[in-house]
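If you're matching positions, the sequence shown starts at 1 in UniProt numbering and goes up one per residue. Below is one structure, written out as structure tokens; comments come after it.
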Amino acid sequence: MTISDLGLYGPESVTWRIHADPSFAVGGLRALLLQALHPIAMAGVSANSGYRDDPWGRLQRTTEYVATTTFGTTEAAEELAAKVRRLHRRLTAVDPDTGDVHPVDDPSLLLWVHCCEVDSFLHAARRGGLRLSDADADRYVAEQVRQARLIGIEPASVAVPRTAAELTAYFSDVRPQLKATRPAYEGLRLISAPPMRWWVRWATPAAPSWGALVAMGFGLLPGWAKQLYTHLPVLPGSEFTATASLRALRTAVLALPPTVRESPQLRAARARVAGIPVRRLDALPA
Numbered sequence: 001m002t003i004s005d006l007g008l009y010g011p012e013s014v015t016w017r018i019h020a021d022p023s024f025a026v027g028g029l030r031a032l033l034l035q036a037l038h039p040i041a042m043a044g045v046s047a048n049s050g051y052r053d054d055p056w057g058r059l060q061r062t063t064e065y066v067a068t069t070t071f072g073t074t075e076a077a078e079e080l081a082a083k084v085r086r087l088h089r090r091l092t093a094v095d096p097d098t099g100d101v102h103p104v105d106d107p108s109l110l111l112w113v114h115c116c117e118v119d120s121f122l123h124a125a126r127r128g129g130l131r132l133s134d135a136d137a138d139r140y141v142a143e144q145v146r147q148a149r150l151i152g153i154e155p156a157s158v159a160v161p162r163t164a165a166e167l168t169a170y171f172s173d174v175r176p177q178l179k180a181t182r183p184a185y186e187g188l189r190l191i192s193a194p195p196m197r198w199w200v201r202w203a204t205p206a207a208p209s210w211g212a213l214v215a216m217g218f219g220l221l222p223g224w225a226k227q228l229y230t231h232l233p234v235l236p237g238s239e240f241t242a243t244a245s246l247r248a249l250r251t252a253v254l255a256l257p258p259t260v261r262e263s264p265q266l267r268a269a270r271a272r273v274a275g276i277p278v279r280r281l282d283a284l285p286a
């Protein structure tokens with residue numbers, strides 16, 4: 001079996017363990033809430049993304065990207081990443097304070113998005129109960145440098161964190177640049193209550209269930225990030241509640257059969273690694 005058969009990481013990687021865990025979805029929501037606190041990055045999302053008109057589509061595309069680059073073949077991962085890089089090259093973001101125009105693929109903006117995702121997936125996994133040693137955490141951060149390269153960050157010229165300590169230091173350095181702008185609150189409101197068909201919203205538990213997931217994501221944010229959302233109350237014990245809720249959710253999802261709880265990309269990757277012929281991962285439904 002060649003390295004390309006295993007994709008960028010392979011089944012022995014920490015990345016597979018974390019991205020296949022039920023905590024992954026809540027980690028993704030945490031990442032979005034954290035990313036929104038960078039004024040320029042959020043201005044780019046607000047100006048260029050279709051999240052207002054099609055929030056479910058944007059979430060699906062983001063999930064598909066991470067799933068394909070994690071579990072797909074090397075070829076599928078590189079093809080999808082190249083498509084995203086080409087899109088980013090055409091887009092700009094305007095600094096809401098200075099009016100300066102920045103390319104969306106500015107390495108500093110890409111690094112911010114990258115670090116938010118890595119920190120959020122790792123944090124959610126550990127808070128959700130996935131057993132990860134400090135060495136595992138460092139290995140995960142180091143493995144994710146491959147994701148940084150895929151999206152267009154060159155580690156030789158940009159200091160991409162390679163350990164959990166370096167990731168923490170990065171957030172300490174960038175914190176003075178962060179704040180919750182109007183687009184950040186707009187994004188938060190849309191994530192919290194995305195459009196649903198009336199009968200889905202009122203005749204099913206979809207809306208309260210989704211709201212609970214978003215509340216978990218917010219509860220998992222670091223204290224300094226919650227404080228930047230100054231218009232939102234931070235209730236005492238919210239961190240404990242988020243952790244307890246995530247652990248209960250993770251336990252419930254793990255009780256489901258793999259055919260229900262695992263993504264098509266993960267199931268296809270397991271089959272591929274086992275030597276069972278499958279269709280190309282980038283041809284599978286998200």
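The beta carbon of each residue, even a glycine, is placed where N, CA and C say it ideally should be. Predicted, not measured: the structure shown is a model, and the values here were computed from it.
Inset, instruction - For His19, count neighbouring C-beta atoms within 10 Å of its own C-beta (all shown protein chains included) and say buried if the count is 16 or more, exposed if not. - result: Within the sequence shown, numbered from 1, the residue matching residue 19 stands at position 19. Sixteen is the threshold: when 16 or more other Cβ atoms of the shown chains lie within 10 Å of the Cβ of His19, as they do, the residue is buried.
Inset, instruction - Compare the C-alpha of Asp97 against each of Pro107, Gln177, Cys115 and name the closest. - result: One-based indexing of the sequence shown puts residue 97 at position 97. The option with the nearest alpha carbon to Asp97 is Gln177.
Legend entry - Cβ separation of Leu80 and Val118, assumed to be a contact under 8 Å, to the nearest whole Å: As a first step, residue 80 must be located in the sequence shown, where it is residue number 80. As a first step, residue 118 must be located in the sequence shown, where it is residue number 118. Wrong, their Cβ atoms sit about 18 Å apart, outside the cutoff.
Legend entry - Beta-bridge pairing of Ala93 - partner residues as DSSP gives them: Sequence index remark: in the sequence shown, residue 93 carries index 93 (1-based). Ala93 pairs with His102.
Legend entry - C-alpha gap between Leu249 and Ser157, whole angstroms: Taking the sequence shown and counting its residues from 1, the one referred to as residue 249 is at position 249. Taking the sequence shown and counting its residues from 1, the one referred to as residue 157 is at position 157. The straight-line gap from Cα to Cα measures roughly 40 Å.
Legend entry - Straight-line gap, Trp198 to Arg58 (C-alpha atoms, nearest Å): Reading the sequence shown from its first residue, position 198 is the one you call residue 198. Reading the sequence shown from its first residue, position 58 is the one you call residue 58. For Trp198, the pLDDT reaches just 49, beneath the cut-off of 50, and the residue's location in the model is therefore unreliable, although a value from the coordinates is still provided. Approximately 21 Å between the Cα atoms of the pair.
Legend entry - Spatially closest choice to Gly44 from Glu64, Asp105, Gly28, by CA coordinates: Locating residue 44 in the sequence shown gives position 44, where the first residue counts as 1. Nearest neighbour of Gly44 by Cα position, chosen from Glu64, Asp105, Gly28, turns out to be Asp105.
Inset, instruction - Check whether the region 23-38 touches the region 173-190, taking contact to mean three or more Cβ pairs, one atom from each stretch, closer than 8 Å. - result: The region 23-38, when compared against the region 173-190, does touch it at the 8 Å Cβ threshold.
Inset, instruction - Could you spell out where the alpha helix (DSSP H) holding Asp5 opens and where it closes? - result: Reading the sequence shown from its first residue, position 5 is the one you call residue 5. Element bounds for Asp5: 3-6.
Inset, instruction - Tell me whether Arg85 sits in a helix, a strand or coil according to DSSP, three-state version. - result: The sequence position of residue 85 within the sequence shown is 85, counting from 1. Look at Arg85 here: in three-state DSSP terms it is helix.
Inset, instruction - Could you check if Thr15 is buried or exposed, using at least 16 other CB atoms within 10 Å of its CB as the buried criterion? - result: As a first step, residue 15 must be located in the sequence shown, where it is residue number 15. By the neighbour-count rule (16 or more Cβ atoms within 10 Å), Thr15 is buried.
Legend entry - Cα-Cα separation, Phe71 to Arg30: Numbered from 1 along the sequence shown, position 71 holds the residue referred to as residue 71. Numbered from 1 along the sequence shown, position 30 holds the residue referred to as residue 30. Near 22 Å, if we compare the C-alpha coordinates of Arg30 and Phe71.
Inset, instruction - State buried or exposed for Thr73, treating a residue as buried only when at least 16 other CB atoms are found within 10 Å of its CB. - result: In the sequence shown, counting from the first residue as 1, residue 73 sits at position 73. With 16 or more Cβ atoms within 10 Å of its Cβ, Thr73 is classed as buried.
Legend entry - Cβ pair Cys116, Pro161 closer than 8 Å: As a first step, residue 116 is located in the sequence shown; it is residue number 116 there, counting from the start. As a first step, residue 161 is located in the sequence shown; it is residue number 161 there, counting from the start. Result no, Cβ atoms of Cys116 and Pro161 do not sit closer than 8 Å.
Inset, instruction - Compute the distance between the beta-carbons of Ser192 and Gly219, then report whether it is under 8 Å. - result: In the sequence shown, counting from the first residue as 1, residue 192 sits at position 192. In the sequence shown, counting from the first residue as 1, residue 219 sits at position 219. No.
Inset, instruction - Would you mind stating whether residue 300 and Ser13 have Cβ atoms separated by less than 8 Å? - result: It is not possible to answer for residue 300, since the shown part of the chain is limited to 1 through 286.
Inset, instruction - Look at the alpha carbon of Pro208 and the alpha carbon of Val214, and state the distance between them as a whole number of angstroms. - result: For the purposes of this step, residue 208 is identified with residue 208 of the sequence shown, where counting begins at 1. For the purposes of this step, residue 214 is identified with residue 214 of the sequence shown, where counting begins at 1. One C-alpha to the other measures close to 10 Å.
Inset, instruction - In angstroms with no decimal places, state the Cα-to-Cα distance between Leu221 and Thr163. - result: Against the sequence shown, residue 221 aligns to sequence position 221. Against the sequence shown, residue 163 aligns to sequence position 163. Their Cα atoms are separated by approximately 19 Å.
Legend entry - Where His88 falls, given that 16 or more other Cβ within 10 Å makes a residue buried: The count along the sequence shown starts at 1 and reaches residue 88 at position 88. Burial of His88 is indicated by the presence of at least 16 other C-beta atoms within 10 angstroms of its C-beta.
Legend entry - Extent of the continuous alpha helix (DSSP H) run through Gln35: Here residue 35 is taken as the residue at index 35 of the sequence shown, counted from 1. Start and end: 24-35.
Inset, instruction - Determine the DSSP secondary structure at Thr68, reduced to helix, strand or coil. - result: Numbered from its first residue, the sequence shown carries residue 68 at position 68. Thr68 falls in the helix class under three-state DSSP.
Inset, instruction - Answer yes or no: do Leu6 and Thr69 have a C-beta to C-beta separation smaller than 8 Å? - result: Your numbering for residue 6 matches position 6 in the sequence shown. Your numbering for residue 69 matches position 69 in the sequence shown. It is not a contact, given that the beta carbons lie outside the stated cut-off.
Inset, instruction - Would you kindly report the start and end of the unbroken alpha helix (DSSP H) that includes Ser192? - result: What you label residue 192 is simply residue 192 of the sequence shown in a count that begins at 1. Boundaries of the alpha helix (DSSP H) harbouring Ser192: 182-192, taken from the DSSP string.
Inset, instruction - Under 8 Å by Cβ, that's how I've got Ala93 and Ala47 pegged, so tell me the actual separation to the nearest angstrom. - result: In the sequence shown, counting from the first residue as 1, residue 93 sits at position 93. In the sequence shown, counting from the first residue as 1, residue 47 sits at position 47. So it is a contact: roughly 6 Å between Cβ atoms.
Legend entry - Cutoff 6 Å; reference Leu109; Cβ partners in own chain excluding five residues on either side: The residue you call residue 109 lines up with position 109 of the sequence shown. Ala41.
Inset, instruction - Please go through the same chain and pick out, in chain order, the residues whose beta-carbon is closer than 8 Å to the beta-carbon of Val273, but skip the five residues on each side of it. - result: The residue you call residue 273 lines up with position 273 of the sequence shown. Taken in chain order, the residues that qualify are Met1, Asp5, Leu6, Gly10, Pro11.
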